[in-house]
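For the sequence shown, the positions run 4 to 274 when the numbering used here is used. See below for the structure under consideration.
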Amino acid sequence: MADEQPLIANDNGGIETPATPPPATPLQAPDLHRDRQMGRTLTEAIEHGKENVPVAPEPLVCKPQQLESWRVFKIMAEFVDGFEILRKYGLTATFFGSARASMGDDIYEAAEALSSRLAKYGFAIVSGGSAGIMQAANKGAFEVGGASVGLNIRLEDNQGLNAFLTDSMFFDHFFVRKVMLAYASEVYIYFPGGYGTLDELFEIVTLVQTKKIKRVPIVLYGTEYWTPIIELLTNHLFKRYGAIDEADLALIHLVDSVDEAYDYIIENVRC
């Protein structure tokens with residue numbers, strides 16, 4: 004005999020049977036044939052590609068007309084190496100910001116001081132591994148004996164590694180590096196920066212907004228620098244055009260001192 008639905012009292016004192024909940028949506032069954040075929044394709048590409056990697060590969064400017072085995076191998080190798088680095092560390096904070104010496108000494112000193120305090124608390128510090136604010140963040144961690152990681156990118160102007168790293172990796176592909184940065188940390192801290200910093204900011208905000216990664220603290224340091232961008236998001240994207248929801252504005256948190264940043268991070272890191 005089927006189980007009977009329990010009776011419950013409604014707000015008017017009567018008795019009613021609760022509505023039957025909709026059936027759970029079944030998980031999509033894996034397409035084993037397709038997965039096996041993809042596995043064979045990748046295996047063949049990797050095995051062939053690792054023997055044919057160009058010494059100085061040309062950038063990919065047009066869509067390839069055929070599967071480039073060496074490029075598949077390079078991309079897969081970067082993913083594997085990147086995740087191998089990340090798995091070494093537990094609690095992690097990632098710093099973003101300009102590589103240029105144009106932001107003022109107070110900004111660099113703040114990045115170093117915040118990094119130092121977080122490293123003492125137990126955070127591994129991750130940055131792009133180059134100069135400027137990235138170097139300041141790595142220096143803060145390095146000088147207090149903390150883990151200091153640099154995830155760098157090979158560029159034409161030879162963006163080198165700073166001298167305050169305990170672990171590092173160079174990437175050829177921006178998108179692989181961005182995946183590593185997106186999955187690296189329990190908190191993301193953005194100091195003033197240019198296109199790259201803004202790109203990385205909106206990458207993380209979008210991933211949190213769409214629930215592709217867990218919600219983590221996203222901290223913008225520097226009221227003077229970030230306020231015009233906050234106003235753009237609030238007045239233009241949200242109020243005028245409705246391109247984002249009001250709740251999306253709460254995904255980022257603006258601070259203007261090391262103490263404020265540190266307290267907010269310690270209070271809100273949940274992972």
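Even glycine gets a Cβ: it sits at the ideal position worked out from N, Cα and C. All of these numbers come straight from a predicted model, not from anything done at the bench.
Hey, quick one: how far does the alpha helix (DSSP H) through residue i stretch, first residue to last?
i, result
"Gly42", "35 to 52"
"Val258", "Unbroken run through Val258 is the beta strand (DSSP E), 256 to 258; no alpha helix (DSSP H)."
"Asn141", "136 to 145"
"Glu249", "249 to 252"
"Tyr216", "Checking the displayed sequence, the identity of residue 216 turns out to be Ile instead of Tyr. Ile216 -> no alpha helix (DSSP H), and no H or E assigned at all."
"Glu270", "261 to 271"
Can you name, in chain order, every residue of its own chain whose Cβ lies under 6 Å from the Cβ of residue i, other than the five neighbours on each side?
i, result
"Gly85", "Met183"
"Phe167", "Asn141, Lys142, Phe145, Ser151"
"Pro60", "none"
"Leu240", "Ala246, Ile247"
"Ile136", "Gly100, Ser101, Ala114, Phe194"
Going along the chain, which residues of its own chain have a beta-carbon closer than 8 Å to the beta-carbon of residue i, five neighbours each way excluded?
i, result
"Ser188", "Thr95, Ala96, Thr97, Val129, Val219"
"Val261", "Ala113, Ala116, Leu117, Arg120"
"Ile88", "Val152, Leu154, Asp170, Met172, Met183"
"Ile216", "Ala185, Tyr186, Ile207, Leu210"
Determine the extent of the beta strand (DSSP E) in which residue i is found, giving its start and end residues.
i, result
"Tyr244", "Neither: Tyr244 is in no beta strand (DSSP E) and is coded neither H nor E."
"Ile221", "221 to 224"
Taking buried to mean at least 16 other C-beta atoms within 10 Å of its own C-beta, is residue i buried or exposed?
i, result
"Val56", "exposed"
"Phe178", "exposed"
"Tyr111", "buried"
"Tyr244", "exposed"
"Gln238", "Correcting the residue identity first, residue 238 is Asn in this sequence and not Gln. Classification for Asn238: exposed."
"Ser101", "buried"
"Tyr224", "buried"
"Ala12", "At Ala12 the pLDDT is 45, less than 50, meaning the model places this residue with poor confidence; the figure from the coordinates comes in the next sentence. Label assigned to Ala12: exposed."
"Gly125", "exposed"
"Met41", "exposed"
"Ala264", "buried"
"Ala253", "exposed"
"Lys81", "It is worth fixing the name first, because residue 81 is Glu in this sequence and not Lys. Classification for Glu81: buried."
"Val211", "buried"
"Val190", "buried"
"Ala127", "buried"
Identify, in the order they occur along the chain, each residue of the same chain with its Cβ nearer than 7 Å to the Cβ of residue i, setting aside the five sequence neighbours on each side.
i, result
"Ala48", "Leu70, Ser72, Val75, Phe76"
"Gln138", "Asn165, Phe167"
"Ile78", "His176, Val179"
"Ala5", "The pLDDT assigned to Ala5 is 45, lower than 50, so where the model puts this residue is not dependable, and the model offers no usable value."
With hydrogens ignored, establish whether the beta-carbon of residue i is closer than 8 Å to any heavy atom of the ligand FMN.
i, result
"Tyr198", "This structure simply doesn't include the ligand FMN, nor any ligand for that matter."
Q.
Using a Cβ distance threshold of 8 Å, determine whether the region 191 to 202 contacts the region 222 to 230, with at least three qualifying pairs required.
A. yes
Q: Flag this pair as touching only if the region 110 to 121 and the region 196 to 209 have three or more C-beta atom pairs under 8 Å; answer yes or no.
A: No, because fewer than three Cβ pairs between the region 110 to 121 and the region 196 to 209 fall closer than 8 Å, the two stretches do not touch.
Q.
Between the region 234 to 244 and the region 261 to 274, can you find at least three pairs of beta-carbon atoms closer than 8 Å?
A. Output reads no: the region 234 to 244 does not touch the region 261 to 274.
Q: Only counting runs of 3 or more residues, tell me where the beta strand (DSSP E) segments fall wholly within the region 188 to 213, in order along the chain.
A: 190 to 193
Q) What are the start and end residues of each continuous beta strand (DSSP E) run of 3 or more residues lying completely inside the region 84 to 134, in chain order? A) 95 to 99, 127 to 130
Q.
Quick check on the DSSP output: what are the complete beta strand (DSSP E) runs of length 3 or more inside the region 157 to 181, in order along the chain?
A. If one requires a minimum length of 3 residues, the beta strand (DSSP E) runs lying completely within the region 157 to 181 are 170 to 174, in chain order.
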